[in-house]
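Here the structure is laid out as structure tokens; the discussion comes afterwards.
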């Protein structure tokens, strides 16, 4: 059983999903922790110094004593939002250093943000609809490219709800339904499952 930690990067909110994954069974997973960390800083001066202090402290406090085998981080464009890219590289550096110090971390990697929804459309959809026709109305493509951001977020939420329902993970489904920023949580789980399905060998 592998333990995967998946991050959705944000300037104020760092969403994550920590879950177990069994590569011997298709989509056999269970969520250990699923939440958003507040990594915002109050001042606009000495941003890098403040951000690194707060981020490393929170990461150590939250994950320092946890068993983790794979860390998956959403890759950010370099020029679009430099601060977001900086936070991404801080998270990467923290776990890369931990990988050197702790042998249990096998891989720390960055993945393209678009992979998770392609994975949902091309892999999760056939898996779900093979089991039941209850979720036949799940989207399998982005209909309006001009509205891509909103459609992507909506689709991610729909897929996570459907998958949690199908796997009878009612506790996590209730938690997800009650969570304000569902899209961020959904992204972390789909991204982590994409990585697990395509990179963790049986």
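Residue numbers (my numbering): 69 to 270. Backbone N, C-alpha and C define an ideal beta-carbon position, used for all residues, glycine too. Nothing here was measured: the structure is a model prediction, and the numbers come from that model.
Query	Result
Taking the beta strand (DSSP E) that residue 179 falls in, what are its first and last residues?	175-179
Do the stretch 151-164 and the stretch 179-192 touch if we need at least three Cβ pairs shorter than 8 Å?	no
Return the CA-CA distance between residue 222 and residue 216, expressed in angstroms with no decimal places.	10 Å
Report the partner residues of residue 71 according to the DSSP bridge assignment.	88
Jot down the residue ranges of each uninterrupted beta strand (DSSP E) in the stretch 120-178, minimum 3 residues, whole runs only, in chain order.	138-142
Give the secondary structure of residue 190 by DSSP, where H, G and I count as helix, E and B as strand, and everything else as coil.	helix
Leaving out five residues before and five after residue 86 in sequence, what residues of the same chain have Cβ atoms less than 6 Å from its Cβ?	73, 100, 101
Are the stretch 74-82 and the stretch 138-157 touching by the rule of at least three beta carbon pairs closer than 8 Å?	yes
Just to confirm my understanding: we take residue 96, look at its own chain, exclude 5 residues before and 5 after, and list those with CB closer than 6 Å. What are they?	90
Which residue wins for smallest C-alpha separation from residue 235, given the options 167, 94, 178, 71?	94
Report yes if the C-beta of residue 240 is less than 6 Å from at least one heavy atom of the ligand NAD; otherwise report no.	Absence of the ligand NAD from the depicted structure is noted, as is the absence of any ligand whatsoever, leaving it without description.
How should residue 136 be labelled, buried or exposed, when 16 other C-beta atoms within 10 angstroms of its C-beta is the threshold for buried?	buried
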